[in-house]
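Quick notes on the structure that follows.
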Amino acid sequence: MPGTPPESIAIHRRPFTVAGASWQRSFSSGNYIVQNNQGASRHIAVTGANGFIGRQLCVHLSDRQHQVRAIVRAQGAQPVKVKQVVQDLAALAPDSRVFEGCDVVIHLAGRAHVLHDDVADPLAEFRKVNVELTRHLIADAARCGVKRFVFVSSIGVNGNASAAHPFTEKDAAAPHDLYAISKHEAEQMIGELIPGSEMQFVIVRPTLVFGPDAPGNFALLLKLATKSLPLPFGRIPARRSLLSIWNLVDFLHVCATHPAAAGETFLVSDEQSLTLGDIFRHIGTGMGKSQHIWPIPAAVVRAVATLCGKRQMYAKLTAQLLVDTTKARTMLGWRAPYDSSAALERAGREYISGKMNETSI
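Under this note's numbering, think of the first position of the sequence shown as 747, with each following residue one higher.
Below is the structure:
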């Protein structure tokens, strides 16, 4: 962050290896492939482990036989094999060693978008959590000899709309809101630390992450889809690259273990892009509820959203935002396990199932 010198870190170099696995480079393609990966295991710490992404990530890593340390503010529902460590990260001592014995840290904890932010200085609050806390955690990881630190940033660092072409990792940063500004500053801080560090860093910028338990705007879409009301999105042509929670946790696992990920920044999304009408149709299919998408002109919808005080939400959901994931596919050989349509249907199905279970309790 401008005006803030990077905290010095000294780390004993340890080769990044995966027990029980070997990585072989294909000289024709430059890609790495895994061979004999049965029994591969790392000790991976996850911050923000009780959050929407963190819970799914801990399950995913545990299912793949990794030793998972969930850093949480309070005990939560985690797989039996996951070790929960209750720690208020905001109250870390200067010489803390939260990550002792860990090989990898995946940093999810942070201050997310706040719909109605009433703090006096919102940017200062974002910086306090998303920049300075990240700095302290990196220093902790360095003291503990962690080999790799995976920082989950945001596609908002690129911007809020991809006008001329899909976003790539080579695009100049253009953060569009306070949250994205703080994530960009955290990335810059990491960039300042890299030359003096032997710890490996990976930065991941996901697009809008969706799933049955997603917060924010996607939660509102799920709730709206249950009502089967006429929806005026039939003539909104903008397409968006989304990212299912199941694809994201799979990608984070790759970033935590793949040799070629070290020192890189990756944009990640599902392989398909969809219109808002498409999104509702797929969610509705999963819910077993027909979605009535009316062909209302976009200008009319925008005017109504403005009158209802939802202009910002409308702009966010209807802006074209496309992502080129060529780098992740070619460098890491990653392919999204789910396509967007199947994942949206699953999200709708599990959302309805969860609501039915809540009703029956």
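Where a beta carbon is used, it is the ideal one built from N, C-alpha and C, also for glycine.
- Counting C-beta pairs closer than 8 Å gives fewer than three between the stretch 1023-1039 and the stretch 876-883, which falls short of the contact rule.
- Secondary structure at I852: strand, using DSSP grouped into helix, strand and coil.
- Shown here, R889 sits in a helix according to DSSP, grouped into three states.
- Non-local beta-carbon contacts of I901 in its own chain, meaning distances under 6 Å to residues more than five positions away in sequence, involve R951 and T953 in chain order.
- Leaving aside the five residues that flank I799 on each side, the residues in its chain whose CB is nearer than 6 Å to its CB run, in chain order, L854.
- Nearest in C-alpha terms to Q1066, of all of S987, S1086, S1036 and I1042, is S987.
- F845 is not a Cβ neighbour of D809, given a cutoff of 8 Å.
- T914 carries a coil assignment under DSSP once its states are collapsed to helix, strand and coil.
- In the three-state scheme derived from DSSP, where H, G and I count as helix and E and B as strand, R894 is classed as strand.
- Burial state of Q1058 is exposed, judged by a 10 Å Cβ sphere holding fewer than 16 other Cβ atoms.
- With contacts defined as CB atoms closer than 8 Å, F997 and A1074 qualify as a contacting pair.
- In this structure, the alpha-carbon of H1004 lies about 7 Å from that of L1078.
- Sorting I949, R801, S1015 and A820 by C-alpha distance to the C-alpha of E933 places I949 at the top.
- By the criterion of at least three beta-carbon pairs nearer than 8 Å, the stretch 897-911 is in contact with the stretch 921-940.
- Each residue's CA atom was taken as its position, placing I982 and P912 some 18 Å apart.
- Listed in chain order, the alpha helix (DSSP H) runs fully inside the stretch 1049-1091 are 1057-1064 and 1072-1078, counting runs of at least 4 residues.
- Put simply, of E1017, V1046 and I884 the residue whose alpha carbon is nearest the alpha carbon of G942 is I884.
- Taking H1038 as the centre and dropping the five residues before and after it, the same chain places the C-beta of P976 closer than 6 Å to its C-beta, in chain order.
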